[in-house]
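Colleague: The sequence shown lines up with residues 21 to 180 when you count with our numbering.
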Amino acid sequence: MKEIINIADAALGPVGNGARFRAEFASLGAGIGARKLGVSLCVVPPGSRAFPRHAHHVNEEMMFILEGEGTYHRGSESAPVRAGDLIAAPPGDASTAHQIENTSEAPLRYLTFSTKLEPEVVEYPDSGKFGVSSYAGGDRPALRFLGRREASLDYWDGEG
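(1) Got a sec, what are the start and stop residues for the beta strand (DSSP E) serine 134 sits in?
(2) How would you label arginine 73, buried or exposed, when you count the other beta carbons within 10 angstroms and need 16 or more for buried?
(3) Quick one: what does DSSP say isoleucine 85 is sitting in, helix, strand or coil?
(4) Looking at the secondary structure, which residues open and close the beta strand (DSSP E) in which serine 153 lies?
(5) Following the continuous beta strand (DSSP E) through glycine 167, name the residue where it begins and the one where it ends.
(6) Mapping the DSSP letters down to three states, classify serine 98 as helix, strand or coil.
(7) Under a three-way DSSP split, which group does isoleucine 27 fall into?
(8) Pairing CB atoms from the stretch 27-40 with CB atoms from the stretch 101-114, are three or more of them under 8 Å?
(9) Per the contact definition of three or more C-beta pairs closer than 8 Å, is the stretch 121-129 in contact with the stretch 80-95?
(10) With a threshold of 7 Å on Cβ separation, who are the neighbours of isoleucine 24 within its own chain once the five nearest residues in sequence on each side are excluded?
(11) Short check: CB of glutamate 143 to CB of serine 154, under 7 Å?
(12) Do you know whose CA, among Asp113, Asn122, Arg94 and Ile27, lies nearest proline 66's CA?
(13) CA-CA distance, valine 141 and lysine 22?
(14) Which residues bound the beta strand (DSSP E) around glycine 180?
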């Protein structure tokens, strides 16, 4: 059945940008027919994080730690996490930005589940960036933009 996958068979690929952000990642949901719920497998080596601290304005994420230990950061708080822990990351803003960091000496493996509502706005408070995306299907093109607030244009700019 196409609706079933064993995560041991997931085709992991590299994500990241140097030693601080690196992981092996597999997007699994679409491959088993999920349309409104995403799920991915992430394997983070010691001392790294898969992604920058971020906050989704629209979508909710939930992470389940399969193996290993690390630290979950949310806003100004941090907490240790280990195999068996389930973590909720509701929609929010920069003050609720979240991230999982592997603070152990062994790989950290976890599943991330996410709603797939669009459009989405994501804030990255450590770098001052934000992203806007819409991956509409059919004949509508995808839209993805990363920027900083200080580079914002006036509403009437170019309307001449």
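Ideal Cβ positions, reconstructed from N, Cα and C, are used throughout, including at glycine.
Modeller: Checking against the coordinates, here is how it stands:
(1) Looking up residue 134 in the sequence shown gives position 114. Taken as a continuous stretch (DSSP letters only), the beta strand (DSSP E) holding serine 134 covers 128-135.
(2) In the sequence shown, the residue the question calls residue 73 occupies position 53. With 16 or more Cβ atoms within 10 Å of its Cβ, arginine 73 is classed as buried.
(3) Position 65 of the sequence shown, counted from the first residue, corresponds to residue 85. Here isoleucine 85 sits in strand by DSSP.
(4) Translated into the one-based positions of the sequence shown, residue 153 becomes position 133. From DSSP, the beta strand (DSSP E) with serine 153 extends over 149-154.
(5) The count along the sequence shown starts at 1 and reaches residue 167 at position 147. Glycine 167 -> beta strand (DSSP E) spans 163-168.
(6) Position 78 of the sequence shown holds residue 98. Note: serine 98 maps to strand in three-state DSSP.
(7) Here residue 27 refers to the residue found at position 7 when the sequence shown is read from its first residue. When secondary structure is reduced to three states using DSSP, isoleucine 27 falls in the helix class.
(8) Segments in contact, no.
(9) yes
(10) Here the question's residue 24 lines up with position 4 in the sequence shown. For isoleucine 24, where only same-chain residues beyond five positions count, the Cβ hits under 7 Å are Ile52.
(11) As a first step, residue 143 is located in the sequence shown; it is residue number 123 there, counting from the start. As a first step, residue 154 is located in the sequence shown; it is residue number 134 there, counting from the start. Result no, Cβ atoms of glutamate 143 and serine 154 do not sit closer than 7 Å.
(12) Locating residue 66 in the sequence shown gives position 46, where the first residue counts as 1. The candidate whose alpha carbon is nearest that of proline 66 is Asn122.
(13) As a working note, residue 141 is residue 121 in the sequence shown. As a working note, residue 22 is residue 2 in the sequence shown. If you draw a straight line from the Cα of valine 141 to the Cα of lysine 22, it is about 31 Å long.
(14) The count along the sequence shown starts at 1 and reaches residue 180 at position 160. Counting along the chain, glycine 180 falls outside any beta strand (DSSP E), and DSSP gives it neither H nor E.
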